[in-house]
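Undergrad: Position one of the sequence shown corresponds to residue 1 (our numbering), numbered consecutively onward. Ideal Cβ positions, reconstructed from N, Cα and C, are used throughout, including at glycine.
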Amino acid sequence: MTAPRYSESELWQKVRSMCETKHPFFSGKRGNKYVVDSVDEAAKEYSVRYESGNLKRIPLRDLYAVYVELYELGSMPRDYLKDPANGERLVGHTRYSHAPGATLFAILPALDDRIQAGEGGRLSLSPA
1 MTAPRYSESE
11 LWQKVRSMCE
21 TKHPFFSGKR
31 GNKYVVDSVD
41 EAAKEYSVRY
51 ESGNLKRIPL
61 RDLYAVYVEL
71 YELGSMPRDY
81 LKDPANGERL
91 VGHTRYSHAP
101 GATLFAILPA
111 LDDRIQAGEG
121 GRLSLSPA
């Protein structure tokens, strides 16, 4: 069990920076391209634009919950949030079975260079 590298506010700043630069990030399994399109400071949510043009709003609290869990476990399979128990416990619902759950896994390596996307989209922490 390792403490997360960044606090929630530090991770939020990184998301905001990605929005400002429109730096793309990619899914580990299919190579889909995403961009943080906008941030809502009051709601602490960000919108991800898919290559299709669709937008998905993601609460920072959901991103941070998955981030903390990854640091606690050390690695996490791509389908981790498909397990209803994990989804309910981490984000309070089970709607992250595909989109926007895939974007949570895709953005984390772009926010923290200790997080690596491996085969099949599995996330893991590199040694400190």
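Which value, in whole angstroms, describes the spacing of the CA atoms of residue 40 and residue 103?
TA: Residue 40 and residue 103: Cα-Cα distance of roughly 17 Å.
Undergrad: Taking 8 Å as the threshold (C-beta atoms), are residue 125 and residue 108 in contact?
TA: No. Outside cutoff.
Undergrad: Spell out the partners DSSP gives residue 26 in its beta bridges.
TA: According to DSSP, which records beta bridges pairwise, residue 26 is partnered with 33.
Undergrad: Just confirm the distance between the C-beta atoms of residue 12 and residue 81, as a whole number of angstroms; I'd bet it's less than 8 Å.
TA: Not a contact, Cβ separation roughly 20 Å.
Undergrad: In this structure, how does DSSP classify residue 124 when only helix, strand and coil are distinguished?
TA: The answer is strand: DSSP assigns residue 124 an E or B state.
Undergrad: Report yes if the C-beta distance between residue 118 and residue 27 is below 8 Å; otherwise report no.
TA: Contact flag unset, no.
Undergrad: Roughly how many angstroms separate the alpha carbons of residue 57 and residue 77, rounded to a whole number?
TA: Taking the straight line from one Cα to the other gives about 23 Å.
Undergrad: Return helix, strand or coil for residue 117, following the three-state DSSP convention.
TA: If DSSP states are grouped into helix, strand and coil, residue 117 belongs with the strands.
Undergrad: With 16 other CB atoms within 10 Å as the buried threshold, where does residue 100 fall?
TA: Answer is buried; the Cβ neighbour count reaches 16.
Undergrad: Figure out for me which residue from 105, 36 and 112 has the closest Cα to the Cα of residue 29.
TA: Among 105, 36 and 112, the Cα nearest to that of residue 29 is on 105.
Undergrad: Taking its Cβ as the centre, do 16 or more other Cβ atoms sit within 10 Å of residue 90, making it buried, or is it exposed?
TA: Under this definition residue 90 is a buried residue.
Undergrad: Give every residue of the same chain whose Cβ lies closer than 6 Å to the Cβ of residue 14, excluding the five residues on either side of it in the sequence, and list them in chain order.
TA: So the qualifying residues of the chain are 111.
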